[in-house]
Amino acid sequence: MNLDSPHRLLEGLNEPQQRAVVTTRGPILILAGAGSGKTTVITRRIAWLIESEGVAPGAILAMTFTNKAAQEMSERVQHLVSIPAYQLWVSTFHSFCTRVLRTEGDRTPVGKNFVIFDPSDQKSLMKHVLSELSLSEKQYHPKRMLAEISNYKNQCLLPHEIEHTPSERSLATLIDVYALYQEGLKTHHACDFDDLLLLTERLFRDPTIQAKYQEKFKYLMVDEYQDTNRAQYQLIQHLVGQERNICVVGDEDQSIYGWRGADIRNILDFQKDFPNTTQIKLEQNYRSTQSILDAASLVIKNNQDRIGKDLWTNRGTGEKVTFKLAQDGRSEGNWIADQAQFELLRASNARVAILYRANWQSRQIEEALRAKNIPYLLIGGVKFYERQEIKDLLSYLRLLYNPFDLVSFRRAINAPSRGVGPTTLKKIEAAIPEGGEPLEGVFQALKTGAVKGKAAREVSRFADILIQGRKERDLRGLASLVQWMLQESGLTQALERENTLESESRLRNLEEFLNAAADEETLGSTLEQFLDRITLVSDADSVDGASRLSLMTIHCAKGLEFSAVFLSGMEEDVFPNRNAKDDDNGLEEERRLFYVAITRAQMKLYLTGARHRRVMGMNTLGLPSRFLRELPEDVLDQPIRWGVEVYQSGEGDWTNTHDEWSESETKPASRSKSSFQPTRRYDRSSPKEERPSKPKMSKDGWPLGTRVTSPRFGDGLITASSGKGDMLTYTIVFQSHGEKRIVAKYGALEKKGS
DNA sequence: CCTCACTGCATTTTT
DNA sequence: TGCAGTGAGG
């Protein structure tokens, strides 16, 4: 290979990138740092295989995690070599599996024509299962049960394969729940997200099937390999054939889906799994300035679990990172809004993102943006296809496709409200013959007179809609079918009758849905394909390149880049998230999340925090995120100050600082000298700082941060408060008893030193 | 069977 | 704080 006069497909690539493109045989591990041109490499590599090596497009399988990534790759490949899209197998794991199951489905419990349950469907099935087993939802939270089941599924374990000893009562119950849940899915002819992977993996255990797919796909590529879980890992192992042409691309520092079963060991151990792996590191960053990269590199160095990379850039030092401490969440929002507007005005093509750890944090930022009339796009939260009215309509469509879907049946039968409640539903369900459709239950219940009167009329009208609908399904196009369903189901009329602001917006959503169906129809999709697509789209897929200001979680932002990035809520327990920092793994993942956030920025990075925050209805005192301390001083435009009091943490143990709560004689933190210096003034950098607001809780209580003594628990520090008057309650962290909630009136608390 | 009002409880992150 | 789940009344 002569790299001096590059082939068209190698043009503009640096040396390691070129090697990654042309190394097509055997196992390859591409460690692609943030912003190192990963997508370019993957797409050029696919094009290279097709064009220079004459590989048939259909023999290449490329897997991604999001539809957006898949779509982008597919488009870029088509741009490079002109081949029809349908020949390319670039898809998400989930849609790949769906495709396989739709082809081979006769061999799985749910058959070919399954529906895919989304989380809300799962939840309603789970509730049903729990009541069947007479387990209280109070004790067995449906969501937690589902999370645990998901965990097992991600590890490729079915209920009967989970090992447990007789003494593990709660595990035994979970297994029962899991088993019955799977039974439920089977009778509904339904899969949940995890089943798509699990069932496909099971399928590939059959040597015949395995051979078939190994023969088809000679070249495998996996994007974001660090995010694969056990099921995905196994799936890949099954697919790798004799020639071992597997290329995985990933970045261990961006592994942020451990909670979803992703196992960072998959990428760390790749070379063990595939001896003689070619490893290529992409370390030149084309996205960010040096300051941003320095911040990112020094932060991530604190992690143990990594292979290690040294990112560099030739884009210059750039502006330093700005940190802003606001008095509370509201003023944090306001400051971000103002500053974001400034960033937007800076360049006509500026794209700005406001990121946060958890969705709830978006609220106050949104309020600020709305108050200032700054347009923005919110990604996440309630998804379009999860809205009530959409789910109502979908439940009808799903029933036309798969009449066994009892969850949809239960929903549709009383949407819009027809006066068919739990009682009638129970009777119908009892009348469903073994292995039969819910609709047969309706006929039975009517025949035997179990359901009569008004309910009977409504129910039989509902049955008519479904029966007629099945005929219409085969006669009409997608859009026209949706249109018909909207009318016949009475959903539109019910909303029109309601005639409120709320119903108006729901009608608009239904219209939007109709548009989506029309779009889909022009692609020539069937009802099946339409339904699959709807369930498998994610928030990240809706990120609109044209939008100038976007709000999203850090997770959603992975893979994206923005000229300026705001990262809000830099407080301990917010970020790192309180529940995630229990163990080292959790904390390292949080740190990787921080790393992902930092590396989204091209030109400018802002970090913000709030001194006080209302969280879950409580006033809480924010302490600086430990991550702030990991930032090298010289990337910041000024030292980080944290309000009046100084929090000087030795691994979050405030008692280490005992007397330093009064601002007088604080010693600087060990690593960064000037960080967290006490300061009496609020941050002076901002031109129009909100007036040093009234001290919180000073009227009928003590301010947060006050040190108190309790006769029962000894010395402590007020960290949060809620309620007022007689109900005034403090959350106090005691030196020797941990965190307690104490009603001020009865607590006999005394202020320390008075 | 539906609606409204109350209460108690929770916030990670998503294909 | 806000939502979801529950219970009383219409």
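Per the numbering used here, residue 787 is the first one in the first sequence, and the count goes up by one each step.
For glycine and all other residues, C-beta sits at the position ideal for the given N, C-alpha and C.
query = So what's methionine 1007 in DSSP terms, helix, strand or just coil?
reply = Looking at methionine 1007 - three-state DSSP - the assignment turns out to be strand.
CA nearest to the CA of lysine 1213, picked from Ser1507, Pro1202, Lys1238 and Phe1190 = Considering only alpha carbons, the answer is Lys1238.
message = According to DSSP, aspartate 892 sits in a beta bridge with which residue or residues?
response = Beta-bridge pairing links aspartate 892 to no other residue.
inquiry  = Can you check which of these residues, Arg1262, Leu911, Asp1250 and Ser1291, is closest to serine 1275 by C-alpha distance?
reply    = The option with the nearest alpha carbon to serine 1275 is Asp1250.
request  = Please name the residue in Phe1170, Ile832, Arg1101 and Met1402 whose C-alpha comes closest to that of aspartate 1319.
outcome  = The residue asked about is misnamed: residue 1319 is arginine in this sequence, not aspartate. When C-alpha distances from arginine 1319 are compared across Phe1170, Ile832, Arg1101 and Met1402, the shortest belongs to Phe1170.
key: CA-to-CA distance, valine 1193 to serine 910, given in whole angstroms   = Rounded to whole angstroms, serine 910 to valine 1193 spans 7 Å at the Cα level.
query = Helix, strand or coil: which one does DSSP assign to valine 1519?
reply = DSSP places valine 1519 in strand when its eight states are reduced to three.
query = For glycine 798, which three-state DSSP category applies?
reply = Reduced to three states, the DSSP call for glycine 798 is coil.
query = Helix or strand or just coil, what does DSSP make of glycine 1036?
reply = The three-state secondary structure of glycine 1036, taken from DSSP, is strand.
task = Apply the 10 Å Cβ neighbour rule to threonine 741 and answer buried if 16 or more other Cβ atoms are within range, or exposed otherwise.
result = As displayed, the chain neither begins before 787 nor continues past 1540, which places residue 741 out of reach and without an answer.
ask   = Whose CA, out of Ala848, Glu1416, Leu1490 and Leu957, lies closest to the CA of asparagine 1031?
value = Closest by alpha carbon: Ala848.
ask   = Closest to lysine 1095 by CA distance: which of Thr1108, Gly819, Val1529 and Phe1380 is it?
value = Of the candidates Thr1108, Gly819, Val1529 and Phe1380, the one whose C-alpha sits nearest the C-alpha of lysine 1095 is Gly819.
ask   = Going by the beta-carbon positions, is the gap between phenylalanine 1003 and proline 813 smaller than 8 Å?
value = Cβ distance not < 8 Å, so phenylalanine 1003 and proline 813 don't count as in contact.
query = Per DSSP, what kind of secondary structure is tyrosine 1392 in: helix, strand or coil?
reply = Tyrosine 1392: strand per DSSP, three-state reduction.
inquiry  = With distance defined between alpha-carbon atoms, name the residue in Thr1108, Ser1508 and Thr889 nearest to proline 1425.
reply    = Ranking Thr1108, Ser1508 and Thr889 by Cα distance to proline 1425 puts Thr1108 first.
query = Hey, how far is the Cα of arginine 733 from the Cα of glutamate 1358?
reply = Coverage of the chain is limited to positions 787 through 1540, which leaves residue 733 absent and any answer about it impossible.
task = Take the Cβ of serine 1522 as the centre, count every other Cβ of all protein chains shown within 10 Å, and call the residue buried at 16 or more, exposed below.
result = Serine 1522 is classed as exposed because its beta carbon has fewer than 16 other beta carbons within 10 Å across all chains shown.
task = Apply the 10 Å Cβ neighbour rule to valine 1008 and answer buried if 16 or more other Cβ atoms are within range, or exposed otherwise.
result = Here valine 1008 is buried, its C-beta having at least 16 other C-beta atoms within 10 Å.
request  = With DSSP collapsed to three states, give me the class of arginine 1149.
outcome  = Secondary structure at arginine 1149: helix, using DSSP grouped into helix, strand and coil.
Member of Pro1418, Ala1534, Gln1023 and Leu1293 whose CA lies at the smallest distance from the CA of arginine 1498 = Selected option, being the one with the closest Cα: Ala1534.
key: Under the three-state DSSP convention, the category valine 1432 falls into   = Reliability fails at valine 1432, whose pLDDT of 44 lies under 50, so the model's placement of it is uncertain and the value that follows must be treated cautiously. In this structure, valine 1432 counts as coil in the three-state DSSP scheme.
message = Taking 8 Å as the cut-off, does the stretch 1396 to 1404 touch the stretch 1109 to 1122 (at least 3 CB pairs, one atom from each stretch)?
response = Short answer: they touch.
query = Can you tell me whether DSSP reads glutamine 941 as helix, strand or coil?
reply = Of the three classes helix, strand and coil, the one that applies to glutamine 941 here is coil, per DSSP.
key: Given glycine 821 as reference, the closest of Thr878, Glu1069 and Glu1153 once Cα atoms are compared   = Of Thr878, Glu1069 and Glu1153, the residue nearest in Cα terms is Glu1069.
request  = Using the Cα positions of alanine 958 and glycine 1491, report the straight-line distance between them to the nearest angstrom.
outcome  = Between the C-alpha atoms of alanine 958 and glycine 1491 there is a straight-line separation of about 46 Å.
Per-residue burial, glutamate 1306 [other beta carbons within 10 Å of its own, 16 or more giving buried] = A buried status is given to glutamate 1306, since no fewer than 16 other beta-carbon atoms sit within 10 Å of its beta-carbon.
ask   = Taking the runs of the alpha helix (DSSP H) that are 4 residues or longer, which of them lie wholly in the stretch 1050 to 1116?
value = Fully enclosed alpha helix (DSSP H) runs of 4 or longer: 1051 to 1054, 1056 to 1059 and 1076 to 1086.
ask   = Does the Cβ of histidine 946 have 16 or more other Cβ atoms within 10 Å, making it buried, or fewer, making it exposed?
value = If you draw a 10 Å sphere on the C-beta of histidine 946, you find fewer than 16 other C-beta atoms in it, and that means exposed.
message = Measuring alpha carbon to alpha carbon, tell me which residue in Gln857, Leu1287, His974 and Leu1514 is nearest glutamate 1215.
response = His974 is the residue among Gln857, Leu1287, His974 and Leu1514 whose C-alpha sits nearest the C-alpha of glutamate 1215.
ask   = Is there contact between the stretch 1146 to 1155 and the stretch 1244 to 1259, where contact requires at least three CB pairs shorter than 8 Å?
value = Verdict: no, contact absent.
query = Who are the Cβ neighbours of glutamine 1065 in its own chain at under 6 Å, not counting the five residues just before and after it?
reply = Once the five neighbours on either side are set aside, the close Cβ partners of glutamine 1065 are Leu815.
As assigned by DSSP and simplified to three states, the class of alanine 1217 = Per DSSP, reduced to three states, the secondary structure at alanine 1217 is helical.
inquiry  = Check this for me: beta carbons of leucine 1581 and cysteine 883, under 8 Å apart or not?
reply    = For residue 1581 there is no data in the structure shown, the boundaries of the chain being 787 and 1540.
query = If you drop the 5 nearest sequence neighbours on each side, which residues of the same chain put their C-beta closer than 8 Å to that of glutamate 1129?
reply = Excluding residues within five positions, the ones whose Cβ falls inside 8 Å are Ala1136, Val1138, Ser1349, Ala1350 and Lys1390.
key: Cross-strand partners of valine 901 (DSSP beta bridge)   = Ala976, per the DSSP bridge assignment.
ask   = Which residue from Lys1344, Gly1263, Ser1336 and Ile1340 puts its Cα closest to that of leucine 1309?
value = Looking from the CA of leucine 1309, the closest CA among Lys1344, Gly1263, Ser1336 and Ile1340 belongs to Gly1263.
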